[in-house]
Amino acid sequence: FADLAATARDREERRRLNYWAGVTALAADDCVDALRYLDAARTGRPPYAAALLQALARARATCTGTSAEQLKEALAWSEEVYDSAPTLDTSATLAMVYAAAGRFNDAIDLQTQAIFEALKAGTLPRHPALQQDMARYREAQPPVRAYLPEDPLFRLN
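The sequence shown maps to residues 460 to 616 in the numbering used here.
This is the structure:
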């Protein structure tokens with residue numbers, strides 16, 4: 460994706476390819492490249508896609524070196540996206556950012572909602588990170604991975 464993004468002539472296509480380069484780098488646990496690609500996808504004028512803001516928020520919640528100001532910005536994005544569409548993914552993302560900010564009770568509440576949504580849809584086995592992250596939040600520990608390689612985001616079906 461990164462090579463395609465570098466040669467894309469259309470700005471929107473470049474944004475989309477940088478987004479995918481960023482989330483695949485996150486799944487590979489490569490925060491440096493992930494943040495570089497996701498920030499590149501955010502260049503230009505808003506509006507930014509909710510998926511991009513969620514991926515960038517997850518990166519900031521899990522990558523070392525995130526400043527307090529960057530985490531505050533990630534929290535604002537996550538709350539905005541969640542408020543507009545409270546889904547499994549937006550709940551899990553907001554929980555991740557809350558935990559990174561030390562707000563573990565809020566993280567547990569949102570993670571509970573994400574798990575409930577997965578149970579309701581019958582997809583909990585496809586989301587192993589939900590229960591793994593919940594265990595971390597209950598131990599007052601921040602998240603460690605934005606996406607697992609087996610995340611449904613990377614499935615074609």
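We put the CB at the ideal spot given by N, CA and C, even for glycine. From a predicted model like this one, the values you see are computed outputs, not experimental measurements.
Proximity test, residue i beta-carbon vs the ligand GDP heavy atom, cut-off 7 Å
i, result
"A484", "Judged by which ligands are present, the structure shown has none, so any question about the ligand GDP falls away."
Buried versus exposed call for residue i [16 or more other C-beta atoms within 10 Å across all chains shown]
i, result
"Q590", "exposed"
"D592", "buried"
"V491", "exposed"
"A465", "exposed"
"T521", "buried"
"F406", "Absent from the model: residue 406. The displayed extent of the chain is 460 to 616, so no value can be given."
"T549", "buried"
"A527", "exposed"
"R614", "exposed"
"R474", "buried"
Whole-angstrom distance between residue j and residue i, CA atom to CA atom
i, j, result
"V642", "Q513", "Because the chain here runs from 460 to 616, residue 642 falls outside it and cannot be looked at."
"D489", "G481", "9 Å"
"Q600", "A544", "26 Å"
"A484", "K579", "30 Å"
"L583", "D565", "21 Å"
"R470", "A499", "11 Å"
"L612", "T571", "20 Å"
"G524", "F460", "25 Å"
Pair within 8 Å by beta-carbon distance, residue i and residue j
i, j, result
"L547", "Y557", "no"
"A551", "A573", "yes"
"L553", "E576", "no"
"A486", "P608", "yes"
"A510", "Y541", "no"
"R495", "L515", "no"
"L497", "L476", "no"
"R597", "I567", "yes"
"L534", "A560", "yes"
Whole alpha helix (DSSP H) elements within the stretch 494 to 533, 4-residue minimum: The stretch 494 to 533 contains these whole alpha helix (DSSP H) runs: 509 to 521.
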